[in-house]
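Chemist: Let me begin by handing over the structure; questions about it come next.
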Amino acid sequence: MKSWNEKGYSLLESIIHLLIFTMLIQLTVLFFYWQTPIEKVYQGDLLGEWELFSLEFQEVLEEVTAVTEINPTILSFQTKRGEIIIQQYKQMIRKVVDGDGHVPLLMNVKTYAFTVNGSELQIAVEMMDGRRKERTFAIGLYQE
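Structure follows, in structure tokens:
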């Protein structure tokens with residue numbers, strides 16, 4: 049005679065386990081489908097931050113009367129408001145006006161370098177996540 053109290057998997061248990069497994073796989077696929085647009089939004093924030101930095105930096109360069117490149121990471125400008133120094137402090141690029149205080153211009157910066165060529169200033173920035181940004185700015189150099 050057959051005993052109904054046998055230990056082991058039945059066909060019903062196997063089907064239930066297979067259904068649970070397929071649901072987990074579908075949730076995993078759904079997660080990756082959801083993750084892609086979220087990453088694009090965060091990358092857009094970085095682009096927005098870079099564009100804001102570029103606009104503010106170009107605004108500073110419009111009033112410049114003299115440019116001094118102290119080294120590839122420190123730049124000094126003479127303006128009507130006084131001396132403006134752009135330099136890296138920890139993980140940010142900051143602006144110092146007449147040696148007082150500082151204004152953060154760009155955050156999460158790993159390394160950067162300035163290059164002055166006549167009336168153009170080129171900035172190359174490497175962010176903490178490995179992305180590189182580069183832009184060339186026009187220097188005002190207004191003479192009074």
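My numbering puts the first residue of the sequence shown at 49, with every later residue one more than the last. Idealized CB from N, CA, C, for every residue including glycine.
Can the beta-carbon of Val157 be found less than 9 angstroms from the beta-carbon of Ile134?
Modeler: Residue numbering aside, residue 157 sits at position 109 when the sequence shown is read from its first letter. Residue numbering aside, residue 134 sits at position 86 when the sequence shown is read from its first letter. No.
Chemist: Given Phe185, which residues of its chain have a CB within under 8 angstroms of its CB, disregarding the five upstream and five downstream residues?
Modeler: Residue mapping note: residue 185 aligns to position 137 of the sequence shown, counting from 1. Answer for Phe185: Ser102, Phe105, Gln106, Leu109, Glu168, Leu169, Gln170 and Ile171, listed in chain order.
Chemist: How many angstroms separate the CA atom of Arg183 from the CA atom of Glu97?
Modeler: In the sequence shown, counting from the first residue as 1, residue 183 sits at position 135. In the sequence shown, counting from the first residue as 1, residue 97 sits at position 49. The alpha-carbon atoms of Arg183 and Glu97 are separated by roughly 14 angstroms.
Chemist: Secondary structure at Glu111, three-state DSSP: helix, strand or coil?
Modeler: As a first step, residue 111 must be located in the sequence shown, where it is residue number 63. In the structure shown, Glu111 sits in coil (DSSP, three-state: anything other than H, G, I, E or B).
Chemist: Consult DSSP for Gln139 and reduce its assignment to one of helix, strand or coil.
Modeler: Position 91 of the sequence shown, counted from the start, is the residue given in the question as residue 139. Looking at Gln139 - three-state DSSP - the assignment turns out to be coil, as it is neither helix nor strand.
Chemist: Would you say Glu111 and Gly188 are within 9 angstroms of each other, going by their C-beta atoms?
Modeler: The residue given as residue 111 occupies position 63 in the sequence shown. The residue given as residue 188 occupies position 140 in the sequence shown. Contact flag set, yes.
Chemist: Going by DSSP in three states, Thr84 sits in which element: helix, strand or coil?
Modeler: Residue 84 sits at position 36 when you count from the first residue of the sequence shown. Three-state DSSP puts Thr84 in a helix.
Chemist: With distances taken between CB atoms, is the gap from Ala161 to Thr121 smaller than 9 angstroms?
Modeler: Numbered from its first residue, the sequence shown carries residue 161 at position 113. Numbered from its first residue, the sequence shown carries residue 121 at position 73. Yes, Cβ-Cβ distance for Ala161 and Thr121 is below 9 angstroms.
Chemist: With DSSP run on the structure shown, which of helix, strand or coil describes Met176?
Modeler: One-based indexing of the sequence shown puts residue 176 at position 128. Three-state result, Met176: coil.
Chemist: Enumerate in chain order the residues of its own chain whose CB-to-CB distance from Val144 is below 6 angstroms, with the five nearest sequence positions on each side excluded.
Modeler: Taking the first residue of the sequence shown as 1, we reach residue 144 at position 96. Closer than 6 angstroms at the Cβ level, and outside the excluded window around Val144, lie Ile133 and His150.
Chemist: Mapping DSSP to helix, strand and coil, what is Thr121?
Modeler: Here residue 121 refers to the residue found at position 73 when the sequence shown is read from its first residue. Coil, per DSSP.
Chemist: How is Gly130 classed by DSSP in three states: helix, strand or coil?
Modeler: On the sequence shown, residue 130 is found 82 positions in, with the first residue counted as 1. Strand at Gly130.
Chemist: Give the DSSP bridge partners of Leu169, in chain order.
Modeler: In the sequence shown, counting from the first residue as 1, residue 169 sits at position 121. DSSP, once it has assigned bridges, lists Val164 and Phe185 as partnering Leu169.
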